[in-house]
Structure formats: C-alpha cells, structure tokens
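Visitor:
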Amino acid sequence: MFAIPTLVSLFLLAVPHVVYADPCVAFDANFNLLTFGLNGKDWNAGTQDSWTSGSATDITASGRPPFDGANTTCYLAQFFNAVYVLNGDKSNPSNVHIYDAAAKSWTTQKTNLNNLDLSTFVTILDHDTNVFYGLSQNNLWFLNMGEQKAASSSALDWTNAETSPYGADYQPTMALAQNHVHFIGTPGTPAGSAQIFVIHFSFFQPQAQAYSGATFPASHGQATSFFQDSGVQQEFAFIPDDFSDVYVINVETNTTATLAAPSSKDTKARYAASITALVQLDSSGAVSFIPYKQGDASTNSAAKWASVANIAAAVPASSASGSSATGTSHGSSTGAPAGTRVSGTSTATGSSASSTGSGNGAMSTAASFGTIAAAVLSVLASLS
Ligand SMILES: *[C@@H]1O[C@H](CO)[C@@H](O)[C@H](O)[C@H]1NC(C)=O
Ligand SMILES: *[C@@H]1O[C@H](CO)[C@@H](O)[C@H](O)[C@H]1NC(C)=O
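50 is the number of the first residue of the sequence shown in the working numbering; add one for each residue after it.
1. Would you identify the three-state DSSP class for Leu330, choosing helix, strand or coil?
2. How would the residue list near ligand 1 read, in chain order, if you kept each one whose beta-carbon is closer than 5 Å to any heavy atom?
3. Which residues in the same chain have their Cβ closer than 8 Å to the Cβ of Ile147, if we skip the five residues on either side of it in sequence?
4. Using C-beta distances below 6 Å, list every residue in its chain close to Phe246, excluding the 5 sequence neighbours before and after it, in chain order.
5. Any heavy atom of ligand 2 closer than 8 Å to the Cβ of Gln277?
6. Whole angstroms is fine: what's the gap from Asp166's alpha carbon to Thr348's?
7. Does Val74 pass the burial test, meaning 16 or more other C-beta atoms within 10 Å, or should it be called exposed?
8. Nearest-angstrom Cα distance between Lys353 and Ser242?
9. Starting from the C-beta of Ile248, find all residues in its chain whose C-beta is less than 6 Å away, skip the five residues before and the five after it, and write them out in chain order.
10. Who does His435 pair with in a DSSP beta bridge?
11. Can we count His249 as close to ligand 2, meaning its CB is less than 8 Å from some heavy atom?
12. Sorted by chain position, which residues of the same chain lie with C-beta nearer than 7 Å to Asn120's C-beta, five sequence neighbours on each side aside?
13. With a 10 Å radius around its C-beta and 16 neighbouring C-beta atoms as the bar for buried, classify Gly334 as buried or exposed.
14. Would you check if there are 3 or more beta carbon pairs closer than 8 Å linking the region 305 to 322 to the region 261 to 279?
15. Quick one: is Phe128 buried, meaning 16 or more other Cβ sit within 10 Å of its Cβ, or exposed?
16. Please determine whether the Cβ atom of Ile245 lies at a distance below 8 Å from any heavy atom of ligand 2.
17. Can you find the residues in the same chain that come closer than 6 Å, C-beta to C-beta, to Ala358, ignoring five residues on each side of it along the sequence?
18. Answer with buried or exposed for Ala151, where buried requires no fewer than 16 other C-beta atoms within 10 angstroms of its C-beta.
19. Output the distance between the C-alpha atoms of Glu211 and Trp190, rounded to the nearest integer angstrom.
20. Quick one: residues in its chain with C-beta nearer than 6 Å to the C-beta of Asp91, no 5 flanking neighbours on either side, listed in chain order?
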C-alpha cells in the first residue's frame, strides 16, 4: 500500500505551504499562459500550441510575492506586458505585485487602501486606461496603474469613487468589455441581462442591457474577458456558479453564445482568457482550457476542455487517484511537492480523493497530494 515514511515526510515538508494559499493564472501580452504560486512556484506554459505536451518552464524569480494569501488574483496589463497581482502576500494585502513579463522581474507597488476592504473586493483592470475598478461593500473603488510595468517609489491611492446602485447584499460578479464594467446577478436584474458602469463617463447605466441568444443565469459566478487582435476587449466569458454552461457575451452585438462548462465544477476556480482560449485554474491546482474562436458557433459548440498537460507535467508528478498513489517521493526542491491549494477539508477529514477533487480526469498532483495527505492523516489516526 503506502510507503508510510515517505508519505509522512511529504506531508511534513508540505505543511507550511499547503493551507490558505491561492495560486492565480494570467496570460502575458504574447499569450503565454502563466500560473503563479502553483506548487510554490511560477510557471510559463508557453502559447496554446505547446500546452498539451512537454513541460512548463519554471519562471520563479526573486522579488515575487509569497503567494500565501487567499483570493489572489492576477491581471494582464496588455499594453505594458505586465501582470498585476492582488492579494499575493497575506502579510501585506495592500501591495500590488508587478511582474514585468518581458524582463521576467518583480517589483512591489505600495498602495494606500483608504479603508477599502479587500476581503470583499472584486475588481477588473480596465484594458485601455489601465485602471482597476472594483466593488467592495457596495462602493466602487478605483486604482490608476498608469503605465507601470514596475513599481513607482510613491504609494498609489485606492479611491472610493461612489456608491453603487446595487445594494449591500450584492456579491459582485464583474466583467470588462468595451470600457464598460458589466455586473451580473444584481438584485432585480433578469437572467440574460447585465448592469453596466460606463468607465469613460463614470456613470452607472440606469437600465440593464439585455443580450439575445443563450440566456445566462442572474447569479453569482466568475468572469474573464477575451482579448482581441484589434486590442479592445469586446467579449467576456461568464461561468455561473451552477456551471449550466460557459456564456460568452459579446457587447458589440449584444448577444450571448455558449461553450461547454468545464469538467471541474469548482466555484473557487479562477479563469483567464487569451484571444483563442479560456483557461481554468481550479482550487486543486488543475489547469485546463477550452479553445475558442470568436464568432464561430459551430467550432465553439464542438470545443472540449482539456488539461494544460505541460503544467501538470511540471508540477512534480504523482498519481492522480488515491488507489494508485504509491507514495513515491517526487519532492521538489522547494519541499512543496504538491499544490498550494490542498483544501483544509480534505486534510482535516482524512477522507478520500473526492473531497478535493472535482472530477477532472487530468487532475494535477495538487489534488492527488490532497489524497496523499488525507491518507497520511488517516494512517496516523489509526496508529494513534
Ligand atoms: C476571500 O474571499 C471570500 C469570499 O469573498 C471572503 O469571505 C474571505 O474573507 C476572503 N479572504 C481574504 C483573506 O480576503
Ligand atoms: C449594446 O449594448 C450597449 C450597452 O448598453 C449599447 O450601448 C449598444 O448600443 C448596444 N448595441 C446594439 C447593437 O444594440
């Protein structure tokens, strides 16, 4: 069965890394897929043509945040080929960490939160102005990142712009397209419609915008914008918490199309999109993608999710299922052989793989580590 000493050492080595940390996913301006804080390291999976074979490149570099926080999010500033990381450092939540993807270097931008509550904050980075707009406790906040691909010496201010019309109970689901911030699932807004904040006029549109085609639910979920060859973003993917479909909303034609829902139905998963793919990073650390072609309904309806296999290969491999886990050590040099997102539930209950996993056949070792940790705990429990 399990080689207990190996498992125990794996578990002990990993303990400092396993709880509370959220990795994040983003593209660089050349549409290389990047993950940060996965397995305690940062990875470049390259462009879409290289995802299904080989191994992702370790791009872990000094100056990076520890990626030890919850709700870490990453945003591509496309014009500057920079990735901005929010909540990357639990001890310094107001820091914005900037990854210069061309120079492969990190700097840390200080900000003044001015009472912004980051624990309830959902935000988008406006593509054209490079300004974050976000909602926290019914207030709209912004932070102007200027033209930064490296931190400036002075702190930047989060500014409380105004109260939103959506009420204190609204759990924000926000997406950007065409300099309009779209809010989905606001109270009283019907399915298939979204509320809009027009950035250039700092104006909440009084009426919801309706979209024809597939009707997306008026619910909480995740959203991310597709990029365009032309620059401006005009479509975003909405992944509702019910995973009924992935809805692609086009704000030029005001229509909604669909893509298959991801196989990992994890409401804590995070998403990033390029021009031609939507990527999911789930909370077990598994990264998968679905190819996308704007305006091509037949291609999109046939598209299927697949593992970003070169990331799965780069994260030290162990078997993806509990039954075949051998406990062979593939420990990495960091001593964090598994993903950073092993959930508290799986380790605490000592139950089987099912407590972390959500059925993606290509689960990364992060999920299988949960299995191993759980197995270790149950072994330890039975010994004591
Ligand atoms: C993370 O997000 C959840 C859900 O919004 C929230 O309850 C929690 O407080 C957040 N944690 C941190 C550390 O911001
Ligand atoms: C689509 O919706 C936007 C936002 O409400 C609106 O400005 C635009 O006129 C609409 N376009 C069409 C083609 O109806």
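Glycine included, each C-beta is placed from N, C-alpha and C at the ideal position.
Guide: Answer, in terms of the structure:
1. As a first step, residue 330 must be located in the sequence shown, where it is residue number 281. Note: Leu330 maps to strand in three-state DSSP.
2. Ala119, Asn120, Ser168
3. Against the sequence shown, residue 147 aligns to sequence position 98. Result list for Ile147: Ala131, Val132, Tyr133, Val134, Trp155, Thr156, Thr157, Gln158, Gln197, Lys198, Ala199, Ala200, in chain order.
4. Your numbering for residue 246 matches position 197 in the sequence shown. So the list reads Val230, Phe253, once near-sequence residues are dropped.
5. Within the sequence shown, residue 277 is the residue found at index 228, counting from 1. No, ligand 2 has no heavy atom inside 8 Å of this Cβ.
6. By one-based count along the sequence shown, residue 166 stands at place 117. By one-based count along the sequence shown, residue 348 stands at place 299. The straight-line gap from Cα to Cα measures roughly 42 Å.
7. To locate residue 74, count along the sequence shown from 1; it is residue 25. The residue is buried, with at least 16 neighbouring Cβ atoms inside 10 Å.
8. Counted from its first residue, the sequence shown places residue 353 at position 304. Counted from its first residue, the sequence shown places residue 242 at position 193. Their Cα atoms are separated by approximately 26 Å.
9. Position 199 of the sequence shown holds residue 248. Once the five neighbours on either side are set aside, the close Cβ partners of Ile248 are Asp175, Asn228.
10. Lying before the first or after the last residue shown, residue 435 is absent from the chain, which here runs from 50 to 433.
11. The count along the sequence shown starts at 1 and reaches residue 249 at position 200. For ligand 2, not one heavy atom lies less than 8 Å from the Cβ of His249.
12. Here residue 120 refers to the residue found at position 71 of the sequence shown. Same-chain partners within the cutoff: Asp71, Asn136.
13. Translated into positions along the sequence shown, residue 334 becomes position 285. So Gly334 counts as buried.
14. yes
15. Within the sequence shown, the letter at position 79 stands for residue 128. With fewer than 16 Cβ atoms within 10 Å of its Cβ, Phe128 is classed as exposed.
16. Locating residue 245 in the sequence shown gives position 196, counting from the first residue. Within the cutoff, so yes.
17. The sequence position of residue 358 within the sequence shown is 309, counting from 1. Excluding positions up to five away in sequence, the list reads Thr101.
18. In the sequence shown, counting from the first residue as 1, residue 151 sits at position 102. By the 10 Å Cβ count, Ala151 comes out exposed.
19. As a first step, residue 211 is located in the sequence shown; it is residue number 162 there, counting from the start. As a first step, residue 190 is located in the sequence shown; it is residue number 141 there, counting from the start. Rounded to whole angstroms, Glu211 to Trp190 spans 7 Å at the Cα level.
20. Numbered from 1 along the sequence shown, position 42 holds the residue referred to as residue 91. Contacts found: Phe85, Ile108, Thr109.
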